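Residue numbers (this note's numbering): 159 to 313. We treat Cβ as the ideally placed atom computed from N, Cα and C, and that holds for glycine. Just so you know, these numbers come straight off a predicted model, no measurement behind them. Taking it in order: structure first as structure tokens, then the write-up.
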């Protein structure tokens with residue numbers, strides 16, 4: 159029989175390792191996306207760059223819909239109005255966040271812009287606590303404080 163601490167340690171390692179690869183891939187893809195967007199920011203207006211990016215997302219979304227058509231047809235039958243309203247709100251917020259991102263990208267260094275926009279986890283933790291009633295551990299609060307401290311040093 160394994161000691162209780164070893165079981166927890168194994169479960170924690172499996173949980174972290176399962177999330178680590180995809181999270182790292184997301185971080186690398188997001189970094190490459192930001193660098194590409196910064197490169198384009200000097201060649202196009204932020205309005206044009208945003209519209210081209212939006213059209214690209216739309217085209218990729220059409221391919222995604224085509225690939226997952228059967229699943230989506232079944233899932234859409236279970237949709238309720240409050241879920242749609244929350245989703246529409248998130249779309250509007252994302253839309254304006256992207257417009258702001260493209261507009262500030264032209265005027266600042268990508269390292270500064272990406273650091274400032276990387277405060278998203280701080281706001282997610284706060285809004286999750288307030289809206290979704292998720293709990294925050296002392297370690298998470300300390301992590302948030304260190305992010306805010308890093309931003310103070312950056313600016």
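Quiz item: At which residue ranges does the stretch 244 to 292 contain complete alpha helix (DSSP H) runs of 4 or more residues, listed in the order of the chain?
Solution: Complete alpha helix (DSSP H) runs here, min 4: 268 to 275, 278 to 289.
Quiz item: Measuring CA to CA, which of 203, 187, 184, 176 is closest to residue 259?
Solution: Nearest C-alpha to residue 259: 203.
Self-check item: 7 Å Cβ shell around residue 193 - same chain, five flanking residues per side excluded
Solution: Cβ neighbours of residue 193 beyond the five flanking positions: 268.
Practice problem: Would you kindly report the start and end of the unbroken alpha helix (DSSP H) that includes residue 205? | Solution: In the DSSP assignment, residue 205 falls within the unbroken alpha helix (DSSP H) covering 204 to 225.
Quiz item: In or out: residue 208 buried (at least 16 other Cβ within 10 Å) or exposed?
Solution: Classification for residue 208: buried.
Exercise. Pull up the distance between the alpha-carbon of residue 219 and that of residue 249, whole angstroms please.
Key: Going by the C-alpha atoms only, they are around 14 Å apart.
Quiz item: Which term fits residue 300, buried or exposed, when burial requires 16 or more other beta carbons within 10 angstroms of its beta carbon?
Solution: Exposed.
Self-check item: Spatial distance of residue 282 from residue 274 (CA atoms)
Solution: The alpha-carbon separation between residue 282 and residue 274 amounts to approximately 14 Å.
Quiz item: Which residue comes first and which comes last in the alpha helix (DSSP H) that contains residue 297?
Solution: Counting along the chain, residue 297 sits inside the alpha helix (DSSP H) bounded by residues 296 to 312.
Quiz item: Exposed or buried, which one is residue 231 when buried takes at least 16 other CB atoms within 10 Å?
Solution: That one is exposed.
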